[in-house]
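Taking numbering that gives the first Met the number 0, the leading residue of the sequence shown gets 0, the next gets one more, and so forth. To keep things clear, I will list the structure first and then write my remarks on it.
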Amino acid sequence: MACKLKIGDTVAYTAKFLKNTGQFTGNAGFRRGELLSFDHQYARVRWNDWSESYRAALADRYGEDYAEDAEKNGQMVALVNICAARPSTQFCAC
């Protein structure tokens, strides 16, 4: 069943994505963000935990252009890896 997302929704990573990437511990399961835009394949998300240290880590790993774009427009995420987040729960609604 596909999620019905709309701009402005609070989103989280799907449990399936977290399991498939081995993220059984850490903060990724608790991460929340605002959906800024999306198409049939990708979404732009402004994560609530964005910080200068996170931006620096993105720049170190992917380059300054990527970090600048993510800060300005939201981080690009595959649409299948996010879903509308339920309030006060660890995992998303789908």
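Quick reminder that beta carbons are idealized off the backbone N, C-alpha and C, glycines included.
1. By how many angstroms is the C-alpha of I6 removed from the C-alpha of A56?
2. Quick one, are the C-beta atoms of F37 and L78 less than 8 Å apart?
3. Which residues bound the alpha helix (DSSP H) around L57?
4. Name the two residues that bound the continuous alpha helix (DSSP H) containing A14.
5. Examine chain B for any beta-carbon lying closer than 8 Å to the beta-carbon of N47, and answer yes or no.
6. Report the rounded CA-to-CA distance for Q74 versus R43, giving the unit in angstroms.
7. Bridge partners of Q22, per DSSP?
For this structure:
1. A straight-line Cα-Cα distance of about 27 Å links A56 and I6.
2. By the CB criterion at 8 Å, F37 and L78 fall inside the cutoff.
3. First-last of the alpha helix (DSSP H) with L57: 51-61.
4. First-last of the alpha helix (DSSP H) with A14: 14-19.
5. Considering every chain present, this structure includes no chain B. It has just one protein chain.
6. Taking the straight line joining both Cα atoms gives about 5 Å.
7. BP columns for Q22 are empty, so no partner.
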